[in-house]
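Here the sequence shown stands for residues 11 to 140, numbered as in our numbering. Some notes on the structure that comes next.
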Amino acid sequence: ASAAIDGLFIGSDGEQLLSRETELEGLLAQVGGLAVDLSLPNVTGSVQWSLRRSTRQFVRGLASSLSFCWRGLSILASDISQSAVLLYKLWNTKKLEDQEVKLIKRTAVDLVAMIPYSIIMVIPLSPPGH
Numbered sequence: 011a012s013a014a015i016d017g018l019f020i021g022s023d024g025e026q027l028l029s030r031e032t033e034l035e036g037l038l039a040q041v042g043g044l045a046v047d048l049s050l051p052n053v054t055g056s057v058q059w060s061l062r063r064s065t066r067q068f069v070r071g072l073a074s075s076l077s078f079c080w081r082g083l084s085i086l087a088s089d090i091s092q093s094a095v096l097l098y099k100l101w102n103t104k105k106l107e108d109q110e111v112k113l114i115k116r117t118a119v120d121l122v123a124m125i126p127y128s129i130i131m132v133i134p135l136s137p138p139g140h
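Right, dumping it as structure tokens:
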């Protein structure tokens with residue numbers, strides 16, 4: 011059983027998640043009330059904490075990041091394809107124009123640059139100690 015909440019689908023633990031969210035919001039309201047009773051500034055009112063909003067922001071950020079990576083990888087794949095055709099042309103005719111040589115060089119630099127970026131992206135995903 012899954013429930014749709016603000017465009018997100020939550021599995022069978024959805025009810026438990028909603029009850030935890032309600033419980034946390036209730037605790038936040040109690041802390042705000044205690045702060046008022048003690049004549050302290052009520053910072054909990056300005057926080058406007060919401061699990062739904064945090065989840066939506068996380069999903070939007072994740073979608074934006076994945077979209078950015080996908081566009082970059084598709085551009086790189088296109089450059090690799092064009093460079094392969096140009097290298098085949100170089101092999102057969104032994105002559106390339108300056109723009110074609112620049113495309114091959116840029117693609118080679120991009121491929122070499124992908125190595126450290128890939129390592130940086132993968133290291134945080136590996137379990138500690140491995």
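Each residue gets a CB set at the ideal place from its N, CA and C atoms; glycine is no exception. Note that this is a predicted model, so its numbers are computed, not measured.
Cβ-Cβ separation, L113 to L97 (assumed contact under 8 Å), whole Å: Residue numbering aside, residue 97 sits at position 87 when the sequence shown is read from its first letter. Residue numbering aside, residue 113 sits at position 103 when the sequence shown is read from its first letter. Separation of the CB atoms of L97 and L113 is rounded to 10 Å, and the pair is thereby denied contact status at 8 Å.
Straight-line gap, A40 to R70 (C-alpha atoms, nearest Å): Your numbering for residue 40 matches position 30 in the sequence shown. Your numbering for residue 70 matches position 60 in the sequence shown. A quick correction: the sequence has Gln, not Ala, at residue 40. Looking at the two C-alpha atoms, the distance is approximately 31 Å.
C-beta atoms of I90 and T117 nearer than 8 Å: Along the sequence shown, read from residue 1 onward, the residue named residue 90 stands at position 80. Along the sequence shown, read from residue 1 onward, the residue named residue 117 stands at position 107. Yes, the pair counts as a contact, with Cβ atoms nearer than the cut-off.
Cut-off 8 Å between Cβ atoms - residues of its own chain near D47, not counting five sequence neighbours on either side: Here residue 47 corresponds to residue number 37 of the sequence shown, with the count starting at 1. Within the same chain, D47 has no close Cβ partners at all.
Start-to-end residues for the alpha helix (DSSP H) that takes in K115: Sequence index remark: in the sequence shown, residue 115 carries index 105 (1-based). Per DSSP, K115 belongs to the alpha helix (DSSP H) from 108-132.
Reduced DSSP secondary structure (H/G/I, E/B, other) of S74: On the sequence shown, residue 74 is found 64 positions in, with the first residue counted as 1. Helix.
Nearest-angstrom Cα separation, counted from P134 out to T65: Your numbering for residue 65 matches position 55 in the sequence shown. Your numbering for residue 134 matches position 124 in the sequence shown. Rounded to the nearest angstrom, the two C-alpha atoms are 21 Å apart.
Per-residue DSSP class, three states only, for S49: Taking the first residue of the sequence shown as position 1, residue 49 is located at position 39. Coil.
Neighbour-count burial assignment, S93, 16 or more Cβ in a 10 Å radius: Reading the sequence shown from its first residue, position 83 is the one you call residue 93. Counting other Cβ atoms within 10 Å of its Cβ, S93 reaches 16 or more and is therefore classed as buried.
Separation of K115 from Q109, as counted between CA atoms: Position 99 of the sequence shown holds residue 109. Position 105 of the sequence shown holds residue 115. Looking at the two C-alpha atoms, the distance is approximately 10 Å.
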